[in-house]
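Asker:
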Amino acid sequence: MGTSIGAWDRTARRLETIHATALWLVLPEPAGSPEPSRPPEPAGGASGEAGAGVLLRGPSGAGKSDLALRMIATGTARLVADDRVVLWPGKAGHGPRLACPEGLAGLIEVRGLGIVTLESDEWVTGALAADPGEGPSPHCPPLLLVVDLVARSEVPRLPAPDPAHVAGAAVPRIRLHAFDLSTPTKILRAVSIARARAEGTAADAGRDGLGPPARRSSKAWVS
Numbered sequence: 005m006g007t008s009i010g011a012w013d014r015t016a017r018r019l020e021t022i023h024a025t026a027l028w029l030v031l032p033e034p035a036g037s038p039e040p041s042r043p044p045e046p047a048g049g050a051s052g053e054a055g056a057g058v059l060l061r062g063p064s065g066a067g068k069s070d071l072a073l074r075m076i077a078t079g080t081a082r083l084v085a086d087d088r089v090v091l092w093p094g095k096a097g098h099g100p101r102l103a104c105p106e107g108l109a110g111l112i113e114v115r116g117l118g119i120v121t122l123e124s125d126e127w128v129t130g131a132l133a134a135d136p137g138e139g140p141s142p143h144c145p146p147l148l149l150v151v152d153l154v155a156r157s158e159v160p161r162l163p164a165p166d167p168a169h170v171a172g173a174a175v176p177r178i179r180l181h182a183f184d185l186s187t188p189t190k191i192l193r194a195v196s197i198a199r200a201r202a203e204g205t206a207a208d209a210g211r212d213g214l215g216p217p218a219r220r221s222s223k224a225w226v227s
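As structure tokens, then:
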């Protein structure tokens with residue numbers, strides 16, 4: 005049975021902005037999926053492609069923008085926001101959605117080059133933050149995975165599920181080293197698993213470190 009992973013909390017009074025990098029990953033539709041997990045008519049060259057939101061977190065120099073740029077260059081991701089990300093809280097039972105602050109759309113900081121403007125097919129146009137009363141743009145992707153970027157020695161070999169708590173929701177989280185060659189592939193595989201679980205189509209035994217899909221508790225995120 006399919007599960008909506010893009011619902012938002014219409015009672016929200018404010019939006020949270022965090023220091024991170026957000027991506028919209030391009031994924032093939034799973035076989036038998038009853039409902040595509042793509043924003044309606046997404047811009048930024050992503051039309052007709054399924055995808056999901058990923059949040060890259062880590063201290064300055066951890067490789068957030070570098071990893072994002074590599075994934076964008078291979079065509080597996082589009083940029084939502086770099087350095088600052090706006091979070092739309094999901095309603096009870098759903099994860100948050102990702103948006104870009106005004107004035108930062110299509111911009112990414114590239115160490116050694118400075119602030120770079122991406123090509124129109126490399127970022128998700130329309131994934132902009134708005135007044136909470138207006139609701140998120142349909143281009144704002146649902147957050148399915150948090151990736152905490154750590155030193156190579158801190159990447160666990162067999163991690164236990166350890167969700168990140170983002171905008172009132174428990175979101176599957178993994179820890180990876182940004183500069184390992186396999187990191188983009190691991191992220192794509194993790195998102196595919198997380199999306200299948202969110203949509204109720206997963207056939208795995210759940211022995212990985214992702215745990216259950218992103219879910220917000222019934223407790224209100226804002227008072």
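When we follow this note's numbering, the leftmost residue of the sequence shown carries the number 5, and every step to the right adds one. We put the CB at the ideal spot given by N, CA and C, even for glycine.
#1: Whole angstroms is fine: what's the gap from Asp184's alpha carbon to Ala200's?
#2: Measuring alpha carbon to alpha carbon, tell me which of Pro217, Cys144, Val151 ends up nearest Ala174.
#3: Starting from the N-terminal side, write out each stretch of the beta strand (DSSP E) that is 3 residues or longer and does not extend beyond the region 138 to 197.
#4: Can you give me the C-alpha to C-alpha distance between Gly79 and Cys144, rounded to a whole angstrom?
#5: In angstroms, rounded to a whole number, what distance separates the CA positions of Ala198 and Leu162?
#6: Any chance the region 153 to 161 sits against the region 120 to 137, with 3 or more Cβ pairs inside 8 Å?
#7: Would you tell me roughly how many angstroms separate the C-alpha atoms of Thr21 and Gly62, rounded to the nearest one?
#8: Quick check on the DSSP output: the alpha helix (DSSP H) that includes Ala72 runs from which residue to which?
#9: Contact check, Val302 vs Leu29 under 8 Å by CB: the rounded distance?
Answerer: Here's the rundown:
#1: Going by the C-alpha atoms only, they are around 25 Å apart.
#2: Ranking Pro217, Cys144, Val151 by Cα distance to Ala174 puts Pro217 first.
#3: Qualifying beta strand (DSSP E) stretches, in chain order: 147 to 153, 168 to 170, 173 to 175, 177 to 180.
#4: Counting only the Cα atoms, Cys144 lies some 19 Å from Gly79.
#5: Distance between the alpha carbons of Ala198 and Leu162: 17 Å.
#6: Verdict: no, contact absent.
#7: So the two alpha carbons sit approximately 15 Å from each other.
#8: Counting along the chain, Ala72 sits inside the alpha helix (DSSP H) bounded by residues 68 to 77.
#9: Any property of residue 302 remains undetermined from this structure, which presents the chain solely from 5 to 227.
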